[in-house]
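Note sheet for the following structure.
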Amino acid sequence: MGKKDQTTEFEKLKKDIQTYNEKLLNKQLLIIFSDVEIKHLKQVNKTKPKNIQKLQAIELAFKKENFAHLAGVEKKSYTSLSISATEFYDKLLNGEIEANNCKFSKFRNLKENIFTNLPNIFRSISIVGKYDYHKQDLDVEKVIGNTKEIAGAVLGISKVNSKIENPLISRYFPKSLLNSRTQDLILPKTERLILYIFEKTLEEKEYSKLLFKHKDFYIDNIYNTKEFYDKLSNELKEKIKADIGIPSEKKIEEKIEKKVEEKTEKKITVAKSKWSKKLAKDKEVDLEIDL
Numbered sequence: 293m294g295k296k297d298q299t300t301e302f303e304k305l306k307k308d309i310q311t312y313n314e315k316l317l318n319k320q321l322l323i324i325f326s327d328v329e330i331k332h333l334k335q336v337n338k339t340k341p342k343n344i345q346k347l348q349a350i351e352l353a354f355k356k357e358n359f360a361h362l363a364g365v366e367k368k369s370y371t372s373l374s375i376s377a378t379e380f381y382d383k384l385l386n387g388e389i390e391a392n393n394c395k396f397s398k399f400r401n402l403k404e405n406i407f408t409n410l411p412n413i414f415r416s417i418s419i420v421g422k423y424d425y426h427k428q429d430l431d432v433e434k435v436i437g438n439t440k441e442i443a444g445a446v447l448g449i450s451k452v453n454s455k456i457e458n459p460l461i462s463r464y465f466p467k468s469l470l471n472s473r474t475q476d477l478i479l480p481k482t483e484r485l486i487l488y489i490f491e492k493t494l495e496e497k498e499y500s501k502l503l504f505k506h507k508d509f510y511i512d513n514i515y516n517t518k519e520f521y522d523k524l525s526n527e528l529k530e531k532i533k534a535d536i537g538i539p540s541e542k543k544i545e546e547k548i549e550k551k552v553e554e555k556t557e558k559k560i561t562v563a564k565s566k567w568s569k570k571l572a573k574d575k576e577v578d579l580e581i582d583l
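Residue numbers (the numbering used here): 293 to 583.
Below, the structure written as structure tokens:
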């Protein structure tokens, strides 16, 4: 790569890190899909539209340390400076890395002009599937991308080796970014349609935002799947319940309070009526005695 090309590519890299920093950094996604082939999913959705079975999910976190490899920056760019991938990210963002210190891998040209489209994968109709390993240099386990027939941003992900309490959820990290048709990278019959995507920051304990919902699938499926529903914030739970017509805890409490008040008021009214009748009767007795 010539000096001019290196400078041009470095300027593009600085734009890429801005995209990553503004739209992905420190975000964690809960990507939910049904482990049913897409061609059979329509029938499943007709049979039990509000309680689809075989739902599974991927938790995907975007950290500083993931950026360099995603962007096609060689490891020696930061190891030669005796810094970590995280420190490289901070220095690059702060303008403390020079173009001549940045070494690009041979895959950098495959990421050109698509980094800005990476966040859009999670805001439109997309699929996830097992990588078919036809590219020997690409070491990922699954890929995520849109369903279009033209090339675009496709994200390669690999599994995180960690124990997780939820049996329906697997943890992955973003590993590679390619400019390709998603279907060209997926092992046949493993592609799965993404139905819902929730988002939270790494600091948050619960998912606080519904980032994407496929228009053909009810949100009831989340409410009816405890493993996913329990991972949502109270505010998001209440919103989902409102969307499917289930009264919120607050409304239930208000209804109970109203019934208690009405019952109490009725008792008071009855008591007052009885007391009034008793007083009237007592007056009649007094009049009779006087006479």
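We put the beta carbon where it would ideally sit given N, CA and C, even for glycine.
Rank THR439, LYS355, LYS304 by C-alpha distance to the C-alpha of LYS315 and give the top, closest one. Taking the sequence shown and counting its residues from 1, one reaches residue 315 at position 23. It is LYS355 whose Cα lies nearest to the Cα of LYS315.
Whose C-beta lies closer than 7 Å to the C-beta of PHE504 among residues of the same chain, with five residues either side of it excluded? Translated into the one-based positions of the sequence shown, residue 504 becomes position 212. Closer than 7 Å at Cβ, skipping near neighbours: PHE414, ARG415, TYR488, ILE489.
Residue closest to VAL336, alpha-carbon to alpha-carbon, out of PHE509, GLU530, LEU524, ALA534: Locating residue 336 in the sequence shown gives position 44, counting from the first residue. Out of PHE509, GLU530, LEU524, ALA534, PHE509 has the C-alpha closest to the C-alpha of VAL336.
Looking only at its own chain, which residues have a Cβ that is under 6 Å from the Cβ of LEU583, when we skip the five neighbours before and after it? As a working note, residue 583 is residue 291 in the sequence shown. Below a pLDDT of 50, predicted positions are generally treated as unreliable, and LEU583, at 49, falls in that range; the measurement from the model is reported next regardless. Cβ within range, chain order: n/a, list empty.
Tell me the DSSP secondary structure of ARG473 in three-state form. As a first step, residue 473 is located in the sequence shown; it is residue number 181 there, counting from the start. ARG473: coil per DSSP, three-state reduction.
How is SER525 classed by DSSP in three states: helix, strand or coil? Within the sequence shown, residue 525 is the residue found at index 233, counting from 1. Note: SER525 maps to coil in three-state DSSP.
When we look at the beta-carbon of PRO466 and count the other beta-carbons within 10 Å, is it buried (16 or more) or exposed? On the sequence shown, position 174 is the one that residue 466 refers to. PRO466 should be labelled buried.
Would you call SER369 buried or exposed, if buried means 16 or more other Cβ atoms sit within 10 Å of its Cβ? Position 77 of the sequence shown, counted from the first residue, corresponds to residue 369. Per the 10 Å Cβ criterion, buried.
Integer Cβ distance of GLY437 from LEU447, believed to fall under 8 Å: The sequence position of residue 437 within the sequence shown is 145, counting from 1. The sequence position of residue 447 within the sequence shown is 155, counting from 1. Contact holds; Cβ gap of about 7 Å.
Would you give the residue range spanned by the beta strand (DSSP E) that LYS319 belongs to? As a first step, residue 319 must be located in the sequence shown, where it is residue number 27. First-last of the beta strand (DSSP E) with LYS319: 319-326.
Straight-line CA distance for GLU483 to ILE442? The residue given as residue 483 occupies position 191 in the sequence shown. The residue given as residue 442 occupies position 150 in the sequence shown. Spanning the two alpha carbons is a distance of roughly 17 Å.
What first and last residue would you give for the beta strand (DSSP E) that runs through ILE489? Here residue 489 refers to the residue found at position 197 when the sequence shown is read from its first residue. Segment 484-493, the beta strand (DSSP E) holding ILE489.
Validate contact between the segment 400-408 and the segment 419-429 using beta carbons, cut 8 Å, 3 pairs: no
Taking the straight line between their C-alpha atoms, what separation do you get for LYS501 and GLN298? Here residue 501 corresponds to residue number 209 of the sequence shown, with the count starting at 1. Here residue 298 corresponds to residue number 6 of the sequence shown, with the count starting at 1. Spanning the two alpha carbons is a distance of roughly 39 Å.
Kindly indicate which three-state DSSP category ILE401 falls into: helix, strand or coil? Taking the sequence shown and counting its residues from 1, the one referred to as residue 401 is at position 109. This sequence places Asn at residue 401; Ile is not what is there. Note: ASN401 maps to helix in three-state DSSP.
Sequence-distant residues of the same chain with beta carbon closer than 8 Å to THR311, five excluded per side: Residue numbering aside, residue 311 sits at position 19 when the sequence shown is read from its first letter. Hits under 8 Å: PHE407, THR408, LEU410, PRO411.
Could you have a look at PHE504 and say whether DSSP puts it in helix, strand or coil? What you label residue 504 is simply residue 212 of the sequence shown in a count that begins at 1. Reduced to three states, the DSSP call for PHE504 is strand.
Classification of LEU392 by the beta-carbon crowding that lies within 10 angstroms, buried from 16 upward: Taking the first residue of the sequence shown as 1, we reach residue 392 at position 100. It should be noted that the sequence gives Asn, not Leu, for residue 392. Exposed, by the Cβ-count rule.
Work out the CA separation of SER374 and PHE359 for me, nearest whole Å. On the sequence shown, position 67 is the one that residue 359 refers to. On the sequence shown, position 82 is the one that residue 374 refers to. So the alpha carbons of these two residues sit roughly 17 Å apart.
How many Å lie between ASN516 and PHE302 at the Cα? Translated into the one-based positions of the sequence shown, residue 516 becomes position 224. Translated into the one-based positions of the sequence shown, residue 302 becomes position 10. Between ASN516 and PHE302, the C-alpha separation is close to 48 Å.
If you check the beta carbons only, do LEU470 and LEU528 fall under 8 Å apart? Reading the sequence shown from its first residue, position 178 is the one you call residue 470. Reading the sequence shown from its first residue, position 236 is the one you call residue 528. Contact: no.
Pop quiz: LEU333 and LEU485 are said to be a contact at Cβ under 8 Å. What is the actual Cβ separation, rounded to whole angstroms? As a first step, residue 333 must be located in the sequence shown, where it is residue number 41. As a first step, residue 485 must be located in the sequence shown, where it is residue number 193. Rounded, the Cβ-Cβ distance is 6 Å, consistent with contact.
Among SER454, PHE399, LYS307, LYS533, which residue has its Cα nearest to the Cα of ASN386? On the sequence shown, residue 386 is found 94 positions in, with the first residue counted as 1. Checked all of SER454, PHE399, LYS307, LYS533; the closest Cα to ASN386 is LYS307.
Contact with chain C by ILE536, beta-carbon distance below 8 Å: Within the model displayed, chain C is absent; a lone protein chain is all it includes.
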